[in-house]
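Participant:
Chains as they are written, first to last, in full-length UniProt numbering: chain A, 1 to 137; chain B, 1 to 137; chain C, 1 to 137; chain D, 1 to 137.
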């Protein structure tokens, strides 16, 4: 299975917009981080919801790649997120994904999102990836 | 209740990152559009999932503002999205929100996302906004 | 494709617990109803949440069967429900499903739940069915 | 805060249909179990999806009661479930809830569902409860 650096390079090619950094990829999970600056903040110092959703989506994608290999055609089929607390304006958002199922056709994982260094989660997401048929990488 | 222009101005102030345009606000719903260009596309010409999630979130926000007034502290509490089809690379994403409930404390709506001008939806989202206590705008 | 009676018979065999009645099956959708009596009510006259979830699941199942034929191995992969209003204690629950996608591998639909005869929905669900590989019925 | 027996008695009064047993209530979580017999099984020995949804709902309810006291008017506002594996036909379904947020107005928790004694989860749910205004029990 690909290591962190290989997945980070693949992510940069496949998902060039993402501002997420791959922190680690473990069997069954992955951790990513997203910088927070003016582009991510709303008035009052709230990290915007779409940023949190994007971090959840990328964390799940990275974890799936770590489990099935560098398969370009894996696509999200659903993502459900609950927003729990106001994120800190001056900390990165960290997304910790844990895969709950990696089947032949679908992978399902949950992502807990934190303001880096703080204990209480700011959001929690669950999502599904559809895995393309055929031999895996 | 605020009209389209008032909501568009409020959105620009409260959500300065958004690239969504408010197309219309009706009783019980709203329609927004998001340009699609290199910043929204992944290799192969797919609009990235986070863009679709962002459009859904903004469409719901705009519809809620249209229903309860320009209340800055309304926050998304959950958003669930299903991705249905590959969006077109050369068409705007349009999000059509229909509110299903506007209560004292929570508003719930669904958003159907299209590639502009095409009939089949590319994604569908459902989300909840928490409405702050106190007199409404 | 199977008609209403064929689907009702199939449902009775495959899902013997269900107390749902198939009212209609149309291209792209289906309508089911569930009786409400003491077994469905909680104190105060609220139809219990699990009953509403069960109606949503069956409505989606029936609509999928109507679209792909009487395939026994189709299974729900996710279901998301929002509860909107207190259902009436003395009316059947009706679930109206509209399919949003019927692909080779996944079908996605939404279900709006009503107290029969009333206009405002009591709940809204979205769910996915995984369709088994191989020739369809 | 109420103990396990008090919550079990309250559950029996408020939710008389449930066949769930309260196994434990801890700060921030709860565990419940549901017997599996002919009434829960579909042909082929699958525990029906609505049973799993019901266990998730009750596990979340019990955990919320453990956190806020015996408040009768707490209601589920949303529940999202992903089905992961076929449950065993001859084991109880166990739902383990962990609360992620207990706010003034909303509580959010996740529930992992198992076939009793087996390690891999059969389903995973996330849900929100709305907490009624006013003094807590």
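By construction, the Cβ of each residue, glycine as well, lies at the ideal position given by its N, Cα and C atoms.
Just so we're clear, the structure is a prediction, and the values are computed from it rather than from any experiment.
How far does the alpha helix (DSSP H) with residue 66/A in it extend, from its first residue to its last?
Facilitator: 49-68
Participant: What residue does the alpha helix (DSSP H) around residue 12/C start on, and which one ends it?
Facilitator: It spans 4-14 - the alpha helix (DSSP H) in which residue 12/C sits, taken as one unbroken run.
Participant: Let me know the secondary structure DSSP gives residue 40/D once reduced to three states.
Facilitator: helix
Participant: Sorted by chain position, which residues of the same chain lie with C-beta nearer than 8 Å to residue 121/A's C-beta, five sequence neighbours on each side aside?
Facilitator: 84, 85, 112, 113 and 114
Participant: Give the secondary structure of residue 86/C by DSSP, where H, G and I count as helix, E and B as strand, and everything else as coil.
Facilitator: It is coil, neither helix nor strand.
Participant: For residue 26/C, is the classification buried or exposed, using 16 other Cβ atoms within 10 angstroms of its Cβ as the cut-off for buried?
Facilitator: exposed
Participant: For residue 77/D, which residues in chain B fall below 9 Å Cβ to Cβ?
Facilitator: 77, 78, 106, 108 and 128
Participant: Excluding the 5 residues flanking residue 73/B on each side, which residues of the same chain have their C-beta closer than 7 Å to its C-beta?
Facilitator: 132
Participant: Go through its chain and collect everything with a Cβ distance to residue 11/A's Cβ below 8 Å, but skip five positions before and after it.
Facilitator: 18, 20, 22, 58, 61, 62 and 65
Participant: Output yes or no for whether 8 Å exceeds the beta carbon distance between residue 54/B and residue 16/A.
Facilitator: no
Participant: With 8 Å set as the bound, which would you pick, yes or no: does the beta-carbon of residue 43/B sit closer than that to a beta-carbon of chain A?
Facilitator: Interface residue, yes.
Participant: Residues of chain B with a CB under 7 Å from the CB of residue 84/C: which are they?
Facilitator: 100, 101 and 108
Participant: Anything in chain G within Cβ reach of residue 121/C, meaning under 9 Å, just list it in chain order.
Facilitator: The structure shown has no chain G; the protein chains it does contain are A, B, C and D.
Participant: Starting from the C-beta of residue 41/D, find all residues in its chain whose C-beta is less than 8 Å away, skip the five residues before and the five after it, and write them out in chain order.
Facilitator: 47, 48 and 89
Participant: Do we get a CB-CB distance below 8 Å when we pair residue 48/C with the residues of chain D?
Facilitator: yes
Participant: In chain order, what residues of the region 1-33 of chain B put their CB closer than 9 Å to some CB of chain A?
Facilitator: 13, 14, 15, 16, 17 and 18
Participant: For residue 81/D, would you say it is in contact with chain C, using Cβ-to-Cβ distances shorter than 8 Å as the test?
Facilitator: Under the 8 Å criterion on CB atoms, residue 81/D is classed as interfacial with respect to chain C.
Participant: Please look up how many angstroms separate the CB atoms of residue 81/B and residue 79/A, rounded, as I've assumed it's under 8 Å.
Facilitator: 5 Å
Participant: Quick check: is the beta carbon of residue 56/B nearer than 8 Å to any beta carbon in chain D?
Facilitator: no
Participant: Could you give the residue range of the beta strand (DSSP E) that holds residue 122/D?
Facilitator: Here residue 122/D belongs to no beta strand (DSSP E), and DSSP marks it neither H nor E.
Participant: Just checking: is the beta-carbon of residue 39/B within a distance shorter than 8 Å of some beta-carbon in chain A?
Facilitator: yes
Participant: Please report the distance separating the alpha-carbon of residue 130/A from that of residue 5/A.
Facilitator: 23 Å
Participant: Just to confirm before moving on: does the CB-CB distance between residue 45/D and residue 99/D stay below 8 Å?
Facilitator: no
Participant: Express the C-alpha separation of residue 56/D and residue 123/A in angstroms, rounding to a whole number.
Facilitator: So the alpha carbons of these two residues sit roughly 20 Å apart.
Participant: May I ask you to report which of helix, strand or coil DSSP gives residue 105/C?
Facilitator: Note: residue 105/C maps to coil in three-state DSSP.
Participant: Taking the C-alpha atoms as reference points, what is the distance between residue 36/C and residue 52/C?
Facilitator: 11 Å
Participant: In the DSSP output, which residue or residues are listed as bridge partners for residue 81/A?
Facilitator: 125/A and 79/B
Participant: Check residue 74/A in the structure and name its three-state DSSP category.
Facilitator: coil
Participant: So what does DSSP say about residue 18/D, is it helix, strand or coil?
Facilitator: coil
Participant: Quick one: using the 10 Å Cβ neighbour count with 16 as the cut-off for buried, is residue 103/A buried or exposed?
Facilitator: exposed
Participant: Can you tell me which residues form a DSSP beta bridge with residue 99/A?
Facilitator: 109/A
Participant: Look up residue 29/A in the DSSP assignment and give the residues it is bridged to.
Facilitator: 26/A and 98/A
Participant: Could you tell me the alpha carbon to alpha carbon distance between residue 76/A and residue 38/C, rounded to whole angstroms?
Facilitator: About 41 Å.
Participant: Going by beta-carbon coordinates alone, are residue 91/A and residue 34/A separated by less than 8 Å?
Facilitator: no
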